[in-house]
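For reference, each letter of the sequence shown is one residue, going 0 to 315 in numbering that gives the first Met the number 0. Every residue gets a Cβ at the ideal spot worked out from N, C-alpha and C, and that includes glycine.
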Amino acid sequence: MPQEVLKVSTQTIEKMKAHYGKQIEAGTPPGAVFRAKTYNAAITAYQSGKVLFQGKAPELEARKWGTVSASSGTAKKSSTAGGKFPKQVSGTVPEGFLLASHIGSDEAGTGDYFGPITVACAFVEADKIEQLRAIGVQDSKNLTDDTIRKLAKDIVKLGIPYALLVLHNDKYNKLQRKGWSQGKMKAMLHHHAIEKLLSKTKGTDSAGILIDQFCMPDVYKRHLASEKATIPEKTYFMTKAESHSIAVAAASIIARTSFVREMDKLSAEVGFTLPKGASAKVDAAIADVIRTHGHEKLESIAKVHFANTKKAEKYL
């Protein structure tokens, strides 16, 4: 669907709201100020100042409120409108992939001593890309936990298909003792999440799958092969993919929200807030858990093979 995006001031959005008047529809998408529909386009104005025009002639409507590039036929965007997600990253994905419908996959919790590993993948259709950008979807590492929670709800409200898997600590520790590296655990989690999502989106047009790269593609394939699994066709890998792909960014937000939620549950179990990461603060918290609940409690709330388990002894 043809579309244009403008970045405008709050005052302009108010003028637009008054201009469209009776053409404004009841109910608005997450993060939107209003949505209106004209003969030429549907117009959605967001609190961020971005205005999305979609329809058969969006440029005609967009020209009323800002400058549209005559050469490209798309509205000029501010540096923030698409700066988080470049149109093309040479040598990593096919031409136009990042602006096409695709699946993105990412994980959270892998470097944290406390808490599980969560992996999510999301399927974003091309006509939803600008909507997700407009509500603030970006690399979850740049966002606060509160913002991440809100965006995850907005992503679900927009009807973005996704799959989520959680590897809880007790199973993580059992797999680790069986000889599984964390890399293999992540590979299998990504694989099963993607398979789950592919079954939900079967028959839809997709440019492929993009995984936030945490190991070399050949290593990833070997991990799958060791469990008699094969990688789907049109699967690509990119380092820091959540900074380039809106689908990976959406997946990272869903995965991170799940991780934060799980951390809240574990904190309630032990009676105090468990810190994230693997710092000296974590070492002190481990000692507190041991004093209050015993060593055995770590099995269900922590990745016990991390060096922090040994380091915590100095606090006991």
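CA-to-CA, the gap between residue 26 and residue 46 works out to about 15 Å.
If you draw a 10 Å sphere on the C-beta of residue 9, you find fewer than 16 other C-beta atoms in it, and that means exposed. If you look at residue 31, you'll find it in the beta strand (DSSP E) that goes 31 to 36.
A distance below 8 Å separates the beta carbons of residue 261 and residue 165. Using a Cβ distance threshold of 8 Å, residue 28 and residue 181 do not count as a contacting pair. Boundaries of the beta strand (DSSP E) around residue 4: 2 to 6. With respect to the C-alpha of residue 290, the residue from 277, 150, 98, 270 having the closest C-alpha is 270.
Taken through DSSP and simplified to helix, strand or coil, residue 23 comes out as strand. Looking from the CA of residue 208, the closest CA among 143, 98, 53, 54 belongs to 98.
Put simply, the region 103 to 113 touches the region 210 to 220. At least three CB pairs are less than 8 Å apart. Residue 180 sits in coil when the DSSP states are folded into three classes, being neither helix nor strand.
In the DSSP assignment, residue 45 is bridged to 31. Counting along the chain, residue 203 sits inside no beta strand (DSSP E), nor does DSSP assign it H or E at all. The closest CA to that of residue 137, considering only 255, 232, 11, is found on 255.
Judged by DSSP in its simplified three-state form, residue 235 adopts strand. Boundaries of the alpha helix (DSSP H) harbouring residue 146: 144 to 156, taken from the DSSP string. Counting C-beta pairs with one atom in each stretch, the region 216 to 236 and the region 181 to 194 have three or more that are closer than 8 Å, which means they touch. Beta-bridge partners assigned by DSSP to residue 52: 3, 42. Under the DSSP definition of a beta bridge, residue 122 partners with 102.
In the DSSP assignment, residue 161 falls within the beta strand (DSSP E) that extends over 161 to 166. Closest by C-alpha distance to residue 56, out of 19, 37, 66, is 37. By the neighbour-count criterion, in which 16 or more other beta carbons inside 10 Å mark a residue as buried, residue 114 falls on the buried side. The continuous alpha helix (DSSP H) containing residue 57 extends over residues 57 to 61.
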